[in-house]
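Below is one structure; the comments refer to it alone.
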Amino acid sequence: MKIIKSISEFRAHFNVQTNIALVPTMGNLHAGHLQLINRAKQYSDIVVASVFVNPLQFLPHEDYNTYPRTLDSDCEKLAKLGCTAVFAPNANEMYKNIGEDFLQTKIVPPTQIADILEGEFRPGFFTGVATVVLKLFNIINPTYAVFGKKDFQQLMVIENMVASLNLPINIIREEIIREDDGLAMSSRNLYLSTSERKLSVELSQTLKLSAQKIGKLSFCEIENDAIKILNAKGWIVDYISIRRQNDLQTPLPNDKNLIILGAAKIGKTRLIDNLEID
Ligand code: AMP
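In my numbering, the protein residues as written are 10 to 287.
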């Protein structure tokens, strides 16, 4: 497996005609990421994973500096799975003008998708995500790109960008991979202390419980109940929200194909999760 750190080397190594299936990640790979690699292998023999902790998508108070960086063990896992190459640039390679933020052209996704839910609590997050993903698409030139439903809103932002900007890339959605107790796998789970790890399952449990109440209570009542339950257990809730799957807007009472999304902090760790309700 080739490990490539520079844009020019990547371009020199891969012919523009190559049918690449790309899996963008921030590294510290877990079974959720590896599932995306396996999915990518179904689409192409040439699978590229990118490992890049993108400074543009972190707010100043967030964990950019402490985000786990484990490139060596990530590469071992990817090589074992038969990945063709890893693209792992540093921030300077991706943003030549880092520190002069205003010189970077940015992709600003539509307000209706990007300024709600995660975007409300992490202003500018989706601009950072869309910008880096478009840069990766331009460098790697994939035919397919695989993203996890764990970050459902991010997936929709990217699908919207691809459709809006007529990018010739097929976006593949992969299911959420969970721990045995139901906690959605995440690189940030390693921030959890042993006691927090035990409690962390309450987020997915609460989403499940809320889903069971649909049709019996109003959406608003279900959301408020869920927030109360989590608050009572010591969580700080950013949002628990029932939305339409197709556009993430607030549903009408009879709407079908819903999704319940949640973001909450246990201790210092902010976790997100969602559950599709068909
Ligand atoms: P990240 O490294 O957290 O930026 O995630 C890279 C990709 O992996 C994104 O498409 C995520 O949605 C996906 N991903 C992260 N965690 C999971 C999970 N538990 N199950 C499925 N996909 C995931």
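The beta carbon of each residue, even a glycine, is placed where N, CA and C say it ideally should be.
**Asked** Rounded to a whole number of angstroms, what is the C-alpha to C-alpha distance between Asp287 and Ser17?
**Response** 45 Å
**Prompt:** Apart from the five residues on each side of it in sequence, which residues of its chain come closer than 6 Å, Cβ to Cβ, to Ala30?
**Reply:** Ala49, Tyr52, Ser53, Val56, Tyr153
**Prompt:** Just checking my contact of Tyr248 with Gly224 at CB under 8 Å: how many whole Å lie between their CB atoms?
**Reply:** Contact doesn't hold; Cβ gap of about 22 Å is too wide.
**Request:** Could you spell out where the alpha helix (DSSP H) holding Arg48 opens and where it closes?
**Result:** 40 to 50
**Request:** Please list, in chain order, all residues of the same chain as Ala58 whose beta carbon is under 7 Å from its beta carbon, the five residues on each side excluded.
**Result:** Val32, Thr34, Ile46, Leu87, Cys92, Val95
**Message:** I'd like to confirm something about Gln44: is its beta-carbon nearer than 7 Å to some heavy atom of the ligand AMP, or not?
**Reply:** yes
**Message:** So, under 8 Å CB-CB, Ile251 and Leu261 are touching, yes? Tell me the CB distance rounded to an integer number of Å.
**Reply:** At roughly 11 Å, the Cβ-Cβ gap does not stay under 8 Å, so Ile251 and Leu261 are not in contact.
**Request:** Could you have a look at Ser196 and say whether DSSP puts it in helix, strand or coil?
**Result:** helix
**Prompt:** Is DSSP giving Gly128 helix, strand or coil here?
**Reply:** helix
**Prompt:** How would you write the range of the alpha helix (DSSP H) that Phe135 sits in, first residue to last?
**Reply:** 134 to 149
**Prompt:** Counting along the chain, where does the alpha helix (DSSP H) carrying Asn283 start and finish?
**Reply:** Per DSSP, Asn283 belongs to no alpha helix (DSSP H); it is in the beta strand (DSSP E), 278 to 286.
**Request:** Sort out for me which residues DSSP pairs Tyr104 with in a bridge.
**Result:** The partner list for Tyr104 (beta bridge, DSSP) is empty, contrary to what the question assumes.
**Request:** Taking Phe228 as the reference, give the member of Ile269, Ile185, Thr278 with the closest Cα.
**Result:** Ile269
**Item:** Bridge partners - Glu71, DSSP secondary structure assignment
**Value:** Glu71 pairs with nothing; no bridge assigned.
**Asked** Using the beta-carbon count (16 or more within 10 Å), is Glu71 buried or exposed?
**Response** exposed
**Message:** Is Pro33 near the ligand AMP - that is, is its Cβ less than 7 Å away from at least one heavy atom of it?
**Reply:** yes
**Item:** Pair within 8 Å by beta-carbon distance, Met165 and Ile122
**Value:** yes
**Message:** Judging by CA-CA distance, which residue of Asp189, Leu226, His42, Asn147 is the nearest neighbour of Arg206?
**Reply:** Asp189
**Request:** Might you give, ordered along the chain, the residues of its own chain that have their beta carbon closer than 8 Å to the beta carbon of His22, omitting 5 neighbours on each side?
**Result:** Lys11, Ile13, Ala94
**Exposure of Asp81, with buried meaning 16 or more beta-carbon neighbours within 10 Å** = exposed
**Asked** What residue range is occupied by the uninterrupted beta strand (DSSP E) comprising Lys274?
**Response** 267 to 275
**Prompt:** Are Asp83 and Val62 closer than 8 Å when you measure CB to CB?
**Reply:** no
**Asked** What first and last residue would you give for the alpha helix (DSSP H) that runs through Glu232?
**Response** 228 to 241
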